[in-house]
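Read through the structure below, which is laid out as structure tokens, and then see the notes.
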Amino acid sequence: MRQHAVAVWLDIQSAWDARDRRRLKQLVGPELWAEWNRRLRDLDHKGWHNRVEPMGAPRIEYVGLHHGGDRAEDRVVVAVEARVRDYVVTAIGERIARQGNSSQIIDTFQYWTLAKRDRRGDPKERWILVSIEEAAEGEHELTEPIIAAAEYEVDKMRDDALVEGAVANAVPAGTKIGELADLDFDADARQAANDLSLADARFAPDILEVTARRAVDAWAKAIDGDRRDLEHISDRLVVGELLHPDDPIGKTRVVVRGPQVRKIRIVSLDSKSDPPAMHLEIELEGRRYIEDRDTRAVVSGTRAHRARFTEHWTMGLSDDEHHPWRIVSVAAAPRA
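If you read the sequence shown in my numbering, its first letter stands for residue 82, the second for the next number, and so on.
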């Protein structure tokens, strides 16, 4: 794996230095390529050329592994320590050191997430880069569980069993949820959900907790990685708002690293809406910031440290047996 990681790292430095877009697109995942392509276009617009010259091979340490049985989900995380000459050549030939550095020679430490990709006509599997985290924001990778086989995914198996049981105890198709019970929704929404779960187990707070944790994991994964999990449990417009909050043209993006769910509050429950909905207040801890996608400048928040922040999500009931609840909006939830 170290040999693969070294080869990918060197290939990417060479392709970036040469501004070889075709090669870069082959070496990274589609979401990460979308970000890099924007930065290359921004450099071209300014007439700048970002030169990157490795000073030897990088040092690679194996950090994380996820191999749960689905080849498309296989991931490896490595810590990459390297020394490079990194500078920008301006339109008039002036050399500028990387922002925040006085020297063109810099020491880098990053966490790289690699995934497999089959190339058409190539019988060999290749590793590509799907995510980069700087030293501080990638520290969570050191404590992530190692998944060497599907049977090691104990938390996932437990969550799947909970959801499967809840779906099995759902009301028959066509039943109007709002007609099941006369609940006092001015009272505590969590208690209302507990009461309704006696008739339809999908309303149980522990199912909402599983749903929220899955959604948070999918959100973090989709930042510059695979968006499929997030798209499975979110409406299309919601995906855009989660990744580019308050920015319909997508010039900025939110970056969330290592988020952990600390508290979930059911703010309100609307069983008579179609579909029935729960408004959740989810308190998270992790690194969260907004960055300009062209320049990577931080617009709000900070990469430097973890913080607590709150998301307001509305979950709508669905007929999907694997995902009984979907995120239908991320606007601030009404207070109960």
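All C-beta atoms, glycine included, are put in the ideal place defined by N, C-alpha and C.
Helix, strand or coil for residue 129, going by three-state DSSP, please let me know. coil
Output the distance between the C-alpha atoms of residue 161 and residue 102, rounded to the nearest integer angstrom. 23 Å
Proximity below 8 Å, CB of residue 215 to CB of residue 180: no
Element boundaries [alpha helix (DSSP H), containing residue 293]: 286 to 303
DSSP three-state call for residue 196: helix, strand or coil? strand
Distance, residue 122 Cα to residue 110 Cα: 18 Å
Less than 8 Å between C-beta atoms, sequence neighbours within five positions excluded: which residues of the same chain meet that for residue 320? 303, 308, 311, 312
Use the C-beta contact count for residue 246: other C-beta atoms within 10 angstroms, 16 or more gives buried, fewer gives exposed. exposed
Of the listed residues 106, 299, 91, 369, nearest to residue 219 (C-alpha basis): 369
Rounded to a whole number of angstroms, what is the C-alpha to C-alpha distance between residue 266 and residue 342? Because residue 266 sits at a pLDDT of 42, beneath the cut-off of 50, its placement in the model cannot be relied upon, and the following sentence gives the value as read from the coordinates. Cα-Cα distance, rounded: 26 Å.
In angstroms, rounded to a whole number, what distance separates the CA positions of residue 377 and residue 236? 35 Å
Grab me the residues of residue 98's own chain with a C-beta within less than 7 Å of its C-beta, minus the 5 sequence neighbours each way, in chain order. 132, 133, 134
Given 8 Å as the limit, is there contact between the segment 325 to 344 and the segment 352 to 361, that is, 3 or more CB pairs closer than that? no
Between which residues of its own chain and residue 375 is the CB-CB distance below 7 Å, once the five residues before and five after are set aside? 119, 120, 123
Check the C-beta distance from residue 177 over to residue 169 and give it rounded, since I have them as a contact under 8 Å. 5 Å
So, for residue 372: in the same chain, excluding its five sequence neighbours on each side, which residues have a beta-carbon less than 7 Å away from its beta-carbon? 333, 334, 336, 378, 379, 380
In whole angstroms, what is the alpha-carbon distance linking residue 350 and residue 270? 6 Å
Quick one: give me the first and last residue of the alpha helix (DSSP H) that residue 279 is part of. Run containing residue 279: none; DSSP gives neither H nor E here.
Are the beta-carbon atoms of residue 408 and residue 285 separated by less than 8 Å? no
Using only CA atoms, which one of 209, 287, 384 lies nearest to residue 104? 209
Output the boundary residues of the alpha helix (DSSP H) element that contains residue 334. Not the alpha helix (DSSP H): residue 334 falls in the beta strand (DSSP E), residues 333 to 351.
Please go through the segment 359 to 390 and give each complete beta strand (DSSP E) segment of 3 or more residues, from N-terminal end onward. 379 to 382
Residue nearest to residue 354 in terms of C-alpha spacing, selected from 96, 106, 257, 253: 257
Counting only the same chain and skipping the five closest in sequence on each side, list residues whose C-beta sits under 6 Å from that of residue 346. 362
From what residue to what residue does the beta strand (DSSP E) around residue 147 run? 140 to 147
Helix, strand or coil for residue 188? Go by DSSP, reduced to three states. strand
Given residue 92, which residues of its chain have a CB within under 6 Å of its CB, disregarding the five upstream and five downstream residues? 108
Simplified DSSP assignment, three categories, for residue 248: helix
So what does DSSP say about residue 402, is it helix, strand or coil? coil
Per DSSP, which one or two residues make a beta bridge with residue 161? 141, 191
What is the DSSP secondary structure of residue 95, counted as helix, strand or coil? helix
Collapsed DSSP secondary structure at residue 222 in the structure displayed: helix
Ordered along the chain, which non-local residues of its own chain (more than five positions away) have a Cβ less than 7 Å from that of residue 299? 310, 311, 314
Tell me whether residue 239 is buried or exposed, calling it buried when 16 or more other Cβ atoms sit within 10 Å of its Cβ. exposed
Take residue 402 and list the residues in its own chain whose beta-carbon comes closer than 7 Å to its own, dropping the five residues that flank it on each side. 248
Under the three-state DSSP convention, the category residue 263 falls into: Only weak support exists for where residue 263 lies, its pLDDT of 49 falling under 50; the value from the coordinates is given anyway. Reduced to three states, the DSSP call for residue 263 is coil.
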